[in-house]
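Undergrad: In order, the protein sequence lines correspond to chains A and B.
Counted from 1, the first sequence has number 1376 at position 8 by this note's numbering; the numbering is strictly sequential.
Counted from 1, the second sequence has number 171 at position 164 by this note's numbering; the numbering is strictly sequential.
Glycine included, C-beta positions come from ideal geometry on N, C-alpha and C.
As the structure is a prediction and not an experimental result, all values here were calculated from the model.
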Amino acid sequence: MFDDFFIRALVAGLGVAFVTGPLGCFVVWRRLSYFGDTLAHSALLGVTIAYSLEFNIALSVFIISSLIALILVQLQNRTNLPGDALLGLLAHSSLAVGLVVIGFLTFIRFDVMGLLFGDILAVTVDDLYIIWIGGALILLVLRLIWKGLFASTVNYELAEAEGLNPDRAKAIFTILMAAIIAISIKMVGLLLITGMLIIPAAMARNISDSPQKMIIYSIIGGLLSVIIGLFSSLEFNTPSGPSIIAAALFLFVISLFKIKQTIKLKN
Amino acid sequence: MSLNNNILVKLNDVGFQHSGKWLVQGVSLTVKKGQIVTLIGPNGSGKSTTAKIALGILKKIHGEVEKYTNKVGYVPQKISVDWTLPLRVYDFMILTENLDEKTIDEALSLTGVIHLKDKSLGNLSGGEFQRVLLARAISKKPELLVLDEPVQGVDFTGEIALYELIKKISDELNCGILLISHDLHTVMSATDHVVCLNGHVCCSGTPIDVAKNSEYKALFGEQASQILTRYEHKHDHVHTIEGEIKKN
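(1) Could you work out which residue in A:K1554, A:A1547, A:L1517, A:G1589 is closest to R1536 of chain A when comparing CA atoms only?
(2) If the cut-off is 8 Å on Cβ atoms, which residues from the region 1395-1412 of chain A count as contacting chain B, listed in chain order?
(3) Are the beta-carbon atoms belonging to Y1402 of chain A and D1452 of chain A less than 8 Å from one another?
(4) For E71 of chain B, name the three-state secondary structure that DSSP assigns.
(5) Could you have a look at N220 of chain B and say whether DSSP puts it in helix, strand or coil?
(6) Specify the secondary structure class of Q24 of chain B as computed by DSSP and reduced to three states.
(7) What does DSSP give as the partner residues of Y81 of chain B in its beta bridges?
(8) Please identify, using Cβ separations under 9 Å, the residues of the region 1518-1547 of chain A that lie next to chain B, in order along the chain.
(9) Between the region 1529-1549 of chain A and the region 1460-1480 of chain A, are three or more C-beta pairs nearer than 8 Å?
(10) Looking only at its own chain, which residues have a Cβ that is under 8 Å from the Cβ of A1519 of chain A, when we skip the five neighbours before and after it?
(11) Just the Cα atoms here: how many angstroms apart are V1465 of chain A and L1413 of chain A?
(12) According to DSSP, is G228 of chain B part of a helix, a strand, or is it coil?
(13) Between which two residues does the alpha helix (DSSP H) containing G1557 of chain A stretch?
(14) Taking only the alpha-carbon atoms, compute the straight-line gap between S1578 of chain A and V34 of chain B and give it to the nearest angstrom.
(15) Could you pull out every residue in the same chain whose Cβ sits closer than 8 Å to the Cβ of V16 of chain B, ignoring the five residues on either side in sequence?
(16) Counting only beta-carbon atoms, is R1573 of chain A nearer than 8 Å to chain B?
(17) Using beta-carbon positions only, say whether I1549 of chain A and V1429 of chain A come within less than 8 Å of one another.
(18) Helix, strand or coil for C182 of chain B? Go by DSSP, reduced to three states.
(19) Run through chain A and tell me which residues come within less than 9 Å of G63 of chain B, C-beta to C-beta.
(20) Would a check of beta-carbon distances place T110 of chain B closer than 8 Å to chain A?
(21) Leaving aside the five residues before and after D125 of chain B along the sequence, list all residues of the same chain whose C-beta is less than 8 Å from its C-beta, in chain order.
(22) When you compare each of B:E156, B:I14, B:G22 to G134 of chain B by their alpha carbons, which one comes out closest?
(23) Scan the region 1452-1478 of chain A for residues whose Cβ lies nearer than 7 Å to a Cβ of chain B and list them as they occur along the chain.
(24) Report the residue from A:A1615, A:G1609, A:F1618, A:G1502 whose alpha carbon sits nearest the alpha carbon of A1377 of chain A.
(25) So which residues of chain A does D98 of chain B contact, with C-beta pairs closer than 7 Å?
(26) State the beta-bridge partners of W29 of chain B as determined by DSSP.
(27) Buried or exposed: R138 of chain B, going by 16 or more other Cβ atoms within 10 Å of its Cβ?
(28) Using 8 Å as the limit for Cβ to Cβ distance, is V153 of chain B near chain A?
(29) Put S1520 of chain A into one of helix, strand or coil per three-state DSSP.
(30) Just to confirm my understanding: we take S1576 of chain A, look at its own chain, exclude 5 residues before and 5 after, and list those with CB closer than 7 Å. What are they?
(31) Would you mind reading off the limits of the alpha helix (DSSP H) that contains H1460 of chain A?
(32) Can you list, in chain order, the stretches of the alpha helix (DSSP H) that have 4 or more residues and sit fully within the region 1374-1422 of chain A?
(33) Just confirm the distance between the C-beta atoms of G1557 of chain A and A1616 of chain A, as a whole number of angstroms; I'd bet it's less than 8 Å.
(34) With DSSP as the reference, please indicate the residues paired to K17 of chain B in a beta bridge.
(35) Start and end of the beta strand (DSSP E) containing G212 of chain B?
(36) Could you check how far apart the C-beta atoms of L140 of chain B and I86 of chain B are, in whole angstroms? I think they sit under 8 Å.
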């Protein structure tokens, strides 16, 4: 069944969408889109290290992204620079260092475009295991920290005062972000992972009135984006990542019309 | 703890410094089960800071906090909820603890906002939101309630009703309440223990100790607000900008 590259890509993409749905909602709620970008950019460094040491890509990306997150926290505590400047510093320097390292690895042929924008041909059966098992683990952990993470997203002081340990939830969430980037990098590509997190969640925000609904719509939006995106990628021979993101954007635009209609109804 | 099971939270000579300036220092107080302890004092006197120290929100504090309960309900003075979140009153009610529908309805009815249950939190007025905050805090049946200006923005009749409700809750649940209030009328009539803050503890005791018995009656009504001003005139010290206290 998984012999066909397209089926593999579809199964991989759907697995990714199940996880980016809920995580993306938190990225939107907690205003972490630039943070997600930074982790994703640092993933390039993870990939190059994986290639040069003949190491598992997902694991290597996960480790490097977590490390970058850790460095960010340290920099925030030790400098007076604003958060977005630090994020920019880490995002671009880790991307640059990653590309420089690729320059040195002349003995390996790199598909840089595939890394940046995703490559459905590259998805192997092993990747499917990583995505579905890794994804299930991410969702399980998210379920466990849900109460504390959600409460502190609404109001940190209430969560802290009423004993939900928001700092721990935040730290675990950061690790989950690194993990989702690690498992989805092959599908969407590192420049577009944040789009996969944010756009379906933004679409869902337009049409939901409760957090649960927003998460469900965000998952549905992600699944539809993957299906539409991959089929058009096959049809028009376009790179998979951009096609998926373009499909997500298409759904977002439709959701805007939904808002207009409700506003009209109210009037 | 074995010596006194009724203590819920005990502050021992606590203080908090921010950018080299003391927001509050040298505060000791105890909240016991079934007791209402009120913090009064002018703006910037460290009331909210003291509450946050008691709740464990502020880290890096001076002194120590002994806390004997994890069942805490908190109504903060300021709450900034980010409206990128689609949140109904119902979702807010179960924010820190899952409750059944009946419990939620009861709490919302008590504070008079049951009709808002499915409304979006962002569309509430200030007073309505305050009632929801109070409902949320009491719905968990906490052992310790920390209420920081719980009736701000609530209309006059509602204010009296809510203070009566707070008193009733403290009796029914036998919980301890740490209350911050500007309403001296309520402070004097419903409180067991008053702590007057001005960057440190100026005085504390029963309401009668704080505002002498005869004055207390005289100060009821329009003159109630003068309790504080008169009291402040008795200061035997001045506060410098750095938060130092100098004896006159």
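TA: In short, the structure shows the following:
(1) A:L1517
(2) V1396, W1397, R1399
(3) yes
(4) strand
(5) Because N220 of chain B carries a pLDDT of 38, less than 50, the predicted location of this residue cannot be relied on, and the following value inherits that uncertainty. Correct three-state label for N220 of chain B: helix.
(6) strand
(7) B:V153
(8) F1518, A1519, T1521, V1522, N1523, Y1524, E1525, L1526, A1527, E1528, A1529, E1530, G1531, L1532
(9) no
(10) L1526, A1527, E1530, L1532, P1534
(11) 7 Å
(12) With a pLDDT of 39 at G228 of chain B, under the threshold of 50, the predicted position of this residue should be treated as unreliable, and no value is reported.
(13) Element bounds for G1557 of chain A: n/a, residue is neither H nor E.
(14) 42 Å
(15) T37, V38, A61, V72, E73, K74, Y75, T76, L151, G183, L185
(16) yes
(17) yes
(18) coil
(19) E1528, A1529, G1531
(20) no
(21) R95, V96, Y97
(22) B:E156
(23) none
(24) A:G1609
(25) S1578, P1579
(26) B:Q24
(27) buried
(28) yes
(29) helix
(30) M1582, Y1585
(31) 1451-1472
(32) 1401-1421
(33) Their Cβ separation, rounded to whole angstroms, is 14 Å, which puts G1557 of chain A and A1616 of chain A out of contact at 8 Å.
(34) B:T37, B:E73
(35) 208-212
(36) 7 Å
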